[in-house]
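A.B. asks:
Protein chains: 2
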Amino acid sequence: MISRKILLKDEDIPRQWYNLAADLPTPMDPPLGPDGKPIGPEMLAPVFPMNLIEQEVSQQRWIDIPEEILDILYRWRPAPLRRAVYLERFLKTPAKIYYKDESTSPPGSHKPNTAVAQAWYNKQFGIKRLTTETGAGQWGSALSFACKLIGLECKVFMVRISFDQKPFRKIMMQVWGGKCIASPSNETNAGREILQKMPDTPGSLGIAISEAIEAAVTDSSGKTRYSLGSVLNHVLLHQTIIGLEAKKQLQMIGEKLPDIIIGCAGGGSNFAGISFPFVYDKINGKKIEIYPVEPAACPSLTKGPFVYDHGDTAKMTPLLPMHSLGHDFVPQPIHAGGLRYHGMAPLVSRAVHEGLLTPKAYPQLQCYEAAMTWVGTEGTICAPETSHAIACVIEEAVKAREEGKEKVILFNYSGHGLMDLSGYDSYLSGKLTNLELPQDEIDRMTAIFASMPKPNQGKTGKW
Amino acid sequence: MISRKILLKDEDIPRQWYNLAADLPTPMDPPLGPDGKPIGPEMLAPVFPMNLIEQEVSQQRWIDIPEEILDILYRWRPAPLRRAVYLERFLKTPAKIYYKDESTSPPGSHKPNTAVAQAWYNKQFGIKRLTTETGAGQWGSALSFACKLIGLECKVFMVRISFDQKPFRKIMMQVWGGKCIASPSNETNAGREILQKMPDTPGSLGIAISEAIEAAVTDSSGKTRYSLGSVLNHVLLHQTIIGLEAKKQLQMIGEKLPDIIIGCAGGGSNFAGISFPFVYDKINGKKIEIYPVEPAACPSLTKGPFVYDHGDTAKMTPLLPMHSLGHDFVPQPIHAGGLRYHGMAPLVSRAVHEGLLTPKAYPQLQCYEAAMTWVGTEGTICAPETSHAIACVIEEAVKAREEGKEKVILFNYSGHGLMDLSGYDSYLSGKLTNLELPQDEIDRMTAIFASMPKPNQGKTGKW
Numbered sequence: 001m002i003s004r005k006i007l008l009k010d011e012d013i014p015r016q017w018y019n020l021a022a023d024l025p026t027p028m029d030p031p032l033g034p035d036g037k038p039i040g041p042e043m044l045a046p047v048f049p050m051n052l053i054e055q056e057v058s059q060q061r062w063i064d065i066p067e068e069i070l071d072i073l074y075r076w077r078p079a080p081l082r083r084a085v086y087l088e089r090f091l092k093t094p095a096k097i098y099y100k101d102e103s104t105s106p107p108g109s110h111k112p113n114t115a116v117a118q119a120w121y122n123k124q125f126g127i128k129r130l131t132t133e134t135g136a137g138q139w140g141s142a143l144s145f146a147c148k149l150i151g152l153e154c155k156v157f158m159v160r161i162s163f164d165q166k167p168f169r170k171i172m173m174q175v176w177g178g179k180c181i182a183s184p185s186n187e188t189n190a191g192r193e194i195l196q197k198m199p200d201t202p203g204s205l206g207i208a209i210s211e212a213i214e215a216a217v218t219d220s221s222g223k224t225r226y227s228l229g230s231v232l233n234h235v236l237l238h239q240t241i242i243g244l245e246a247k248k249q250l251q252m253i254g255e256k257l258p259d260i261i262i263g264c265a266g267g268g269s270n271f272a273g274i275s276f277p278f279v280y281d282k283i284n285g286k287k288i289e290i291y292p293v294e295p296a297a298c299p300s301l302t303k304g305p306f307v308y309d310h311g312d313t314a315k316m317t318p319l320l321p322m323h324s325l326g327h328d329f330v331p332q333p334i335h336a337g338g339l340r341y342h343g344m345a346p347l348v349s350r351a352v353h354e355g356l357l358t359p360k361a362y363p364q365l366q367c368y369e370a371a372m373t374w375v376g377t378e379g380t381i382c383a384p385e386t387s388h389a390i391a392c393v394i395e396e397a398v399k400a401r402e403e404g405k406e407k408v409i410l411f412n413y414s415g416h417g418l419m420d421l422s423g424y425d426s427y428l429s430g431k432l433t434n435l436e437l438p439q440d441e442i443d444r445m446t447a448i449f450a451s452m453p454k455p456n457q458g459k460t461g462k463w
Numbered sequence: 001m002i003s004r005k006i007l008l009k010d011e012d013i014p015r016q017w018y019n020l021a022a023d024l025p026t027p028m029d030p031p032l033g034p035d036g037k038p039i040g041p042e043m044l045a046p047v048f049p050m051n052l053i054e055q056e057v058s059q060q061r062w063i064d065i066p067e068e069i070l071d072i073l074y075r076w077r078p079a080p081l082r083r084a085v086y087l088e089r090f091l092k093t094p095a096k097i098y099y100k101d102e103s104t105s106p107p108g109s110h111k112p113n114t115a116v117a118q119a120w121y122n123k124q125f126g127i128k129r130l131t132t133e134t135g136a137g138q139w140g141s142a143l144s145f146a147c148k149l150i151g152l153e154c155k156v157f158m159v160r161i162s163f164d165q166k167p168f169r170k171i172m173m174q175v176w177g178g179k180c181i182a183s184p185s186n187e188t189n190a191g192r193e194i195l196q197k198m199p200d201t202p203g204s205l206g207i208a209i210s211e212a213i214e215a216a217v218t219d220s221s222g223k224t225r226y227s228l229g230s231v232l233n234h235v236l237l238h239q240t241i242i243g244l245e246a247k248k249q250l251q252m253i254g255e256k257l258p259d260i261i262i263g264c265a266g267g268g269s270n271f272a273g274i275s276f277p278f279v280y281d282k283i284n285g286k287k288i289e290i291y292p293v294e295p296a297a298c299p300s301l302t303k304g305p306f307v308y309d310h311g312d313t314a315k316m317t318p319l320l321p322m323h324s325l326g327h328d329f330v331p332q333p334i335h336a337g338g339l340r341y342h343g344m345a346p347l348v349s350r351a352v353h354e355g356l357l358t359p360k361a362y363p364q365l366q367c368y369e370a371a372m373t374w375v376g377t378e379g380t381i382c383a384p385e386t387s388h389a390i391a392c393v394i395e396e397a398v399k400a401r402e403e404g405k406e407k408v409i410l411f412n413y414s415g416h417g418l419m420d421l422s423g424y425d426s427y428l429s430g431k432l433t434n435l436e437l438p439q440d441e442i443d444r445m446t447a448i449f450a451s452m453p454k455p456n457q458g459k460t461g462k463w
């Protein structure tokens, strides 16, 4: 009988995270300060607790997962590896399609893998309260959930337009004890300034990040820190449990290493989670095609240059070495809110630069078509972000059929779409368009970046 | 290491449903026609396909599950049996609390277990289209899902107030290809008549049932049938896969038979699913306490008499032998929409009458408190219906602590609450009240029933 679900026991959960930084052919470039010089880890101390900063700069290959974190993850981990037999049949492909089901976490996505770890390390460091921003709401929900279980307060600045359009996401955070505030708000200088100038602004992720960081660093008790849901090294580290589990699960059924690995990529965390443990194998000589998939409307990897850029619109973060469309780039309103980020995780950017990953970009309509094919075969409703991975999976499975090759495809089913049904509604009623990025916008960005520092030019040092 | 998740492999899925009717100490009473005489199975033929009517009247203990149905159920079944270790710790109880997680189906509840079976049998019978009604939307979603995978059209009459208040449920049905119409509608005589008298009516489940049955029986092609999501014998039969899996899973870890089994009960289907395979053991001498849990606002088992009553407000169904609050009873607007049904499945009603089950009723606020305890320990957001089971679980676990007994408690986690967040919002903002049923209303019902036929008085024959 075909194994449709490959399930690990609790005792088989991975006990260490994998740190790709230890194995990259060239070392990571450090972040730069406003003066263009590398910053030291201590510069981040007002924003993050020291134990997470240590992980951020670590070069150690394996980092132990504390038992207390595992005890929380056991609520839904190890997560199932499933085989998409119904999609395989429909496509008449000889390819075997496996997917890691990250939709089984209580908030419904991969985000809690790092939310739980970050909340736990903050708690260990004596922190009482976390602040963060959220766009569509996945990350805000995940951090609220983690803080509830660990015993921290959580304040989420949610982009006003999403706050108004997605009242259920806000309630979800409140159920887990999170305080969810529309951004811009009157709680920060950054928010007040913008409200004064533009009282009717719909807000933006850039503004929300500025407010969340300000709320953390200005708390005079010193017991508040900021938490980020993607992009940074320690966030990606925590997500590698996804790929490590998948590797064990494939071994369990005697399956070979995947020929193709696919994940959608916004800030890069779910993609890194599924792929980095296999990038290790690729570095060590195995032949694996690895595809980060981004929206054509926000193509940082496929169209953006590899530069130093800020992580937020208001330039509160250091300059990070990454593929970017520019910190003031405002992506068009595609429904995959989690993929509407101007930059890309430095580790993912670096791995692309080294030729280890081959980024792809798909337009919105093709992704919803793929999601509907999934609905009609596997039966579940995926997140709009996840549909980007599925679009690529379908393309590769069809190619395998044409080539007559029994390839093994692994992808990350990063989350369900039960809180994102309005996007499906727009698609079904024919209102959606592709919203691709115009070439002149890309040219404008490229010109701006020409004068900025470039990673890996011998000018930058080490952390 | 404690087994937090007890997982069956696909090949261990039960291959037969269990039919409690074969083992009840006294046989089931037949439904009665408008003349008060037992109706024959053929009377149901315009409404249901003959293969399902055969299951409805079957006295056979075990009924084979067709391989083609299993092939669809494998998408999420066997479902996990989980142990609520975090709740146990919080309650400091020596009880072991196991729960069957039915929230893992694509529509998020136990409903697809019978939706898939019903759609498949209809398809086998040559039917092209199913009609049904839905209140909160769980059942309409499940039937749309099943029809999508099996290749039937599906038309859902959704109570207008829910249609307007829960736009996401409607979209969910549409994603699975279901056609969702606000009821009362202009598509049926029943709907048109009501709209003419009351153009602004919020609708009711009774009206929606009338419309769905009319739409099925008046289709001149003869290729349309009606589908019901609870109450009837064949619906409960299909749900027994829940308890049969749970029994295997408990055996797998060497656990004894449960001391206590709990499920929420609206029409009775999820409760029957978890409990009936164990009612078999109770009939055969094992000591098990089995609690169907209903809302205090709609207490058909604890306050309603065991009588013959119609399944719908418009009296389109035969008289069914059941506990009922009266077919014209309109329950108060508690958030557990799936428990707002005036009657109770005849099989459950009969088992209560035989002393095999001990019904309990809980007020709304206690149920939301229980749900919030669950959120803070196990971490997931349960459906408002499921919270009724959890309220009873917590009470029993605390009792076990007080008695110092290591009891085994099993309950059915019938669904998640991600589409029901507005109820949590009302609770958290202090707007909820208990909405218990006033005694004078019960007295009024009891008086009406005094003149109606009673089950089990020797006047009724056999099917």
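Going down the list, the sequences are from chains A and B. So for the first sequence, the UniProt record's numbering puts the first residue at 1; every next one is plus one. So for the second sequence, the UniProt record's numbering puts the first residue at 1; every next one is plus one. Positions of the beta carbon are idealized from the N, C-alpha and C atoms, including for glycine.
Quick one: grab the DSSP three-state call for A:Leu432.
C.D. replies: Of the three classes helix, strand and coil, the one that applies to A:Leu432 here is coil, per DSSP.
A.B. asks: I'd like the list of long-range same chain contacts for B:Leu325, defined as Cβ closer than 6 Å, with 5 residues on each side in sequence excluded.
C.D. replies: Once the five neighbours on either side are set aside, the close Cβ partners of B:Leu325 are Ser300, Gly304, His342 and Met445.
A.B. asks: Decide yes or no for the touch test of the region 375–386 of chain A against the region 216–229 of chain A: beta carbon pairs closer than 8 Å, at least 3 of them.
C.D. replies: They do not touch, by the three-pair rule.
A.B. asks: Any contact between the region 252–269 of chain A and the region 344–357 of chain A? By contact I mean 3 or more CB pairs, one from each, below 8 Å.
C.D. replies: Result yes; three or more Cβ-Cβ pairs closer than 8 Å.
A.B. asks: Whole angstroms is fine: what's the gap from B:Ala314's alpha carbon to B:Ser183's?
C.D. replies: Distance between the alpha carbons of B:Ala314 and B:Ser183 is about 14 Å.
A.B. asks: So, are the CB atoms of B:Gly178 and B:Val156 less than 8 Å apart?
C.D. replies: Yes.
A.B. asks: DSSP puts A:Asp35 in a beta bridge; with which residues?
C.D. replies: Per DSSP, none; premise fails for A:Asp35.
A.B. asks: Taking B:Leu87 and B:Trp374 to be in contact with their CB atoms under 8 Å, please state how far apart those CB atoms are, rounded to whole angstroms.
C.D. replies: Contact holds; Cβ gap of about 7 Å.
A.B. asks: Can you name, in chain order, every residue of its own chain whose Cβ lies under 7 Å from the Cβ of A:Lys459, other than the five neighbours on each side?
C.D. replies: With a pLDDT of 48 at A:Lys459, under the threshold of 50, the modelled position of this residue cannot be trusted, and the question is left open.
A.B. asks: With a cut-off of 8 Å on the beta carbons, I'd call B:Gly203 and B:Ile171 a contact; round off their distance for me.
C.D. replies: Rounded, the Cβ-Cβ distance is 19 Å, inconsistent with contact.
A.B. asks: Using 8 Å as the cut-off, can you tell me whether the region 2–10 of chain B makes contact with the region 328–344 of chain B, which would need three or more C-beta pairs spanning the two stretches below that distance?
C.D. replies: Verdict: no, contact absent.
A.B. asks: For the region 147–188 of chain B, which segments carrying the beta strand (DSSP E) assignment without a break, of at least 3 residues, lie completely within its bounds, in sequence order?
C.D. replies: The region 147–188 of chain B contains these whole beta strand (DSSP E) runs: 153–159 and 179–183.
A.B. asks: What's the gap between the Cα of A:Pro106 and the Cα of B:Gly222?
C.D. replies: Their Cα atoms are separated by approximately 44 Å.
A.B. asks: List the residues of chain A that B:Trp62 touches, going by C-beta distances under 9 Å, in chain order.
C.D. replies: Under the 9 Å cutoff, chain A gives no residues; its nearest Cβ is about 22 Å from B:Trp62.
A.B. asks: Which residues does DSSP pair with A:Trp17 in a beta bridge?
C.D. replies: Answer is A:Ile63.
A.B. asks: Tell me which residue opens and which closes the alpha helix (DSSP H) that residue 533 of chain A is part of.
C.D. replies: Past the edges of chain A, shown from 1 to 463, lies residue 533 of chain A, and the structure says nothing about it.
A.B. asks: Between which residues of its own chain and B:Thr317 is the CB-CB distance below 7 Å, once the five residues before and five after are set aside?
C.D. replies: If we look at B:Thr317 and ignore the five residues flanking it on each side, its Cβ neighbours are His310 and Gly311.
A.B. asks: Taking B:Pro321 as part of the alpha helix (DSSP H), name the residues at either end of that continuous run.
C.D. replies: From DSSP, B:Pro321 is part of no alpha helix (DSSP H) but of the beta strand (DSSP E) over Leu319 to His323.
A.B. asks: In whole angstroms, give me the CA-to-CA distance for A:His238 and A:Thr114.
C.D. replies: Their Cα atoms are separated by approximately 5 Å.
A.B. asks: I need the boundaries of the alpha helix (DSSP H) containing A:Pro112, first residue and last residue.
C.D. replies: Start and end: Pro112 to Gln124.
A.B. asks: Does the CB of A:Gln174 have a neighbour CB from chain B at under 8 Å?
C.D. replies: Closer than 8 Å to some Cβ of chain B, the Cβ of A:Gln174 qualifies, so yes.
A.B. asks: Can you check the region 267–345 of chain B for any alpha helix (DSSP H) of at least 4 residues that lies completely inside it and give the ranges in chain order?
C.D. replies: Listed in chain order, they are 269–283.
A.B. asks: With a 10 Å radius around its C-beta and 16 neighbouring C-beta atoms as the bar for buried, classify B:Gln55 as buried or exposed.
C.D. replies: Looking at its Cβ environment, which holds 16 or more other Cβ atoms inside 10 Å, B:Gln55 is buried.
A.B. asks: Please work out which residues of its chain come closer than 8 Å, Cβ to Cβ, to B:Ile127, disregarding the five sequence neighbours upstream and downstream, and give them in chain order.
C.D. replies: Closer than 8 Å at Cβ, skipping near neighbours: Pro49, Leu152, Lys223, Thr224 and Arg225.
A.B. asks: Could you give the first and the last residue of the continuous beta strand (DSSP E) run that contains A:Gly263?
C.D. replies: It spans Ile260 to Cys264 - the beta strand (DSSP E) in which A:Gly263 sits, taken as one unbroken run.
A.B. asks: Mind checking B:Pro438: buried by the 16 CB within 10 Å criterion, or exposed?
C.D. replies: Classification of B:Pro438: exposed, given that the 10 Å Cβ count is below 16.
A.B. asks: In angstroms with no decimal places, state the Cα-to-Cα distance between A:Leu319 and A:Arg83.
C.D. replies: Approximately 41 Å between the Cα atoms of the pair.
A.B. asks: I need the boundaries of the alpha helix (DSSP H) containing A:Thr218, first residue and last residue.
C.D. replies: Looking at the DSSP string, A:Thr218 is not in any alpha helix (DSSP H), and its letter there is neither H nor E.
A.B. asks: Of the residues B:Ala246, B:Glu354, B:Glu214 and B:Gly263, which one's Cα is nearest the Cα of B:Ile283?
C.D. replies: When only C-alpha atoms are compared, the closest one is B:Glu354.
A.B. asks: Select from the region 207–232 of chain B all residues with a C-beta closer than 8 Å to any C-beta belonging to chain A, and list them in chain order.
C.D. replies: Taking 8 Å as the Cβ-Cβ cut-off against chain A, none of the residues of the region 207–232 of chain B qualify.
A.B. asks: Buried or exposed: which applies to A:Glu396, given that a residue is buried once 16 or more other Cβ atoms fall within 10 Å of its Cβ?
C.D. replies: Buried, because 16 or more other Cβ atoms sit within 10 Å of the Cβ of A:Glu396.
A.B. asks: When the Cα of A:Asp281 is compared with those of A:Pro14, A:Pro25, A:Arg340 and A:Ile194, which residue comes out closest?
C.D. replies: With distances taken between Cα atoms, A:Asp281 lies closest to A:Pro25.
A.B. asks: Under DSSP, the alpha helix (DSSP H) around B:Arg89 begins and ends at which residues?
C.D. replies: Looking at the DSSP string, the run of the alpha helix (DSSP H) that includes B:Arg89 is Val85 to Leu91.
A.B. asks: Please decide whether A:Gly140 counts as near chain B, where near means a Cβ-Cβ distance under 8 Å.
C.D. replies: For A:Gly140, the answer is no, since every Cβ of chain B falls outside 8 Å of its Cβ.
A.B. asks: What's the gap between the Cα of A:Lys111 and the Cα of A:Asp71?
C.D. replies: Cα-Cα distance, rounded: 17 Å.
A.B. asks: For the beta strand (DSSP E) holding A:Phe449, just list the boundary residues, first then last.
C.D. replies: Segment Gln439 to Phe449 is the alpha helix (DSSP H) holding A:Phe449; no beta strand (DSSP E) there.
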